[in-house]
Structure formats: C-alpha cells, structure tokens
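All remarks here apply to the structure that follows.
Numbering (our numbering), first residue to last: 146 to 281.
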C-alpha cells in the first residue's frame, strides 16, 4: 500500500450501486496507486476525506448520489467544497432535484452529472479526463 497516492470517493446509500461502481471503476482506475473508497453513509465522508488528506493521499474526485436518507448529495457536495474547493465532484443520481443541480452548477460546486441508470461508457467518458488530469 506504500504506492497509494490517490483516492476516489463514492457515496450512495444503496450498496448495490456501490458494488456496480466498484466493478466498473476498477476497469479504469489503477488500484496500485489509487484507493477506491465507498460509503453508504454520507455523514462519514468528511472525516474520512480529512484522514486521507492527512496521509498525503490526493483525492481525485467524489462521486455522490443525490437522494440519501440522512443527507442530500447537494449538502454533502457543499460540505466537501467548503473544505476542499478544488476537489472535483460528480453527481450520480436518478432522482436529483433540478433546482438543487442548477444551484450547485451556478455556484461552481458541481463539476458533472451522470443520470441513473447510467451507461458504463458515459461514466468512463466523464471519469477518464478527471483521472488523466490528476496524473499531471
């Protein structure tokens, strides 16, 4: 694990969605250098991001669901961006509120949106450039 320099954060209250993301992201993310972190509880994310940063792990992006029982993805993204304004945030959701999405985009807090159900190639088209940029 000494080679690990990066992390990707995925947040969704549905473990099945996280399992599918794990399968798909493992195809394009080099696990030798990048941790794939999965959370079903958004309230755990900030503390874990802080720990990764303390360990000198660069977080490449956060992929966040919109509708979760304890906290909306919009609120989580606002929290993330308040502490880490340069962290790329992508929302993956089938039930995102258009008003919230527009507000996040207007405030330059949301970098991209992927509707559920998603196509793997669409996911890859959005994620690949982010991964390539982080390697620079």
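Glycine included, each C-beta is placed from N, C-alpha and C at the ideal position. Predicted model only: the values in this text are computed from it and were never measured.
Per-residue burial, residue i [other beta carbons within 10 Å of its own, 16 or more giving buried]
| i | result |
| --- | --- |
| residue 200 | exposed |
| residue 151 | buried |
| residue 255 | buried |
| residue 168 | exposed |
| residue 173 | exposed |
| residue 171 | exposed |
| residue 176 | exposed |
| residue 277 | exposed |
| residue 127 | Since the displayed the chain opens at 146 and closes at 281, residue 127 lies outside it and no answer follows. |
Counterpart residues of residue i in DSSP-defined beta bridges
| i | result |
| --- | --- |
| residue 258 | 236 |
| residue 154 | 182, 207 |
Residue i vs residue j beta-carbon contact at 9 Å
| i | j | result |
| --- | --- | --- |
| residue 209 | residue 234 | yes |
| residue 187 | residue 218 | yes |
| residue 162 | residue 190 | no |
| residue 232 | residue 211 | no |
| residue 198 | residue 229 | yes |
| residue 157 | residue 214 | no |
| residue 154 | residue 184 | yes |
Residue i (DSSP reduced to helix, strand or coil)
| i | result |
| --- | --- |
| residue 194 | helix |
| residue 174 | coil |
| residue 267 | helix |
| residue 207 | strand |
| residue 162 | helix |
| residue 242 | coil |
| residue 187 | helix |
| residue 274 | helix |
| residue 148 | coil |
| residue 223 | helix |
| residue 217 | coil |
| residue 252 | coil |
Residues of its chain near residue i, where Cβ-Cβ distance is below 6 Å and the 5 sequence neighbours each way are ignored
| i | result |
| --- | --- |
| residue 100 | The structure shown does not extend to residue 100, since the chain is modelled only from 146 through 281, so no value can be given for it. |
Own chain partners of residue i with C-beta closer than 8 Å, once the 5 adjacent residues on each side are dropped
| i | result |
| --- | --- |
| residue 222 | 207, 209, 234, 236, 249, 254, 255 |
| residue 263 | 237 |
| residue 274 | none |
Same chain, Cβ closer than 7 Å to residue i, neighbours up to 5 away in sequence not counted
| i | result |
| --- | --- |
| residue 257 | 235, 271 |
Residue i at chain C interface by Cβ criterion, 9 Å
| i | result |
| --- | --- |
| residue 168 | In summary, chain C is missing from the structure at hand, where a single protein chain is found. |
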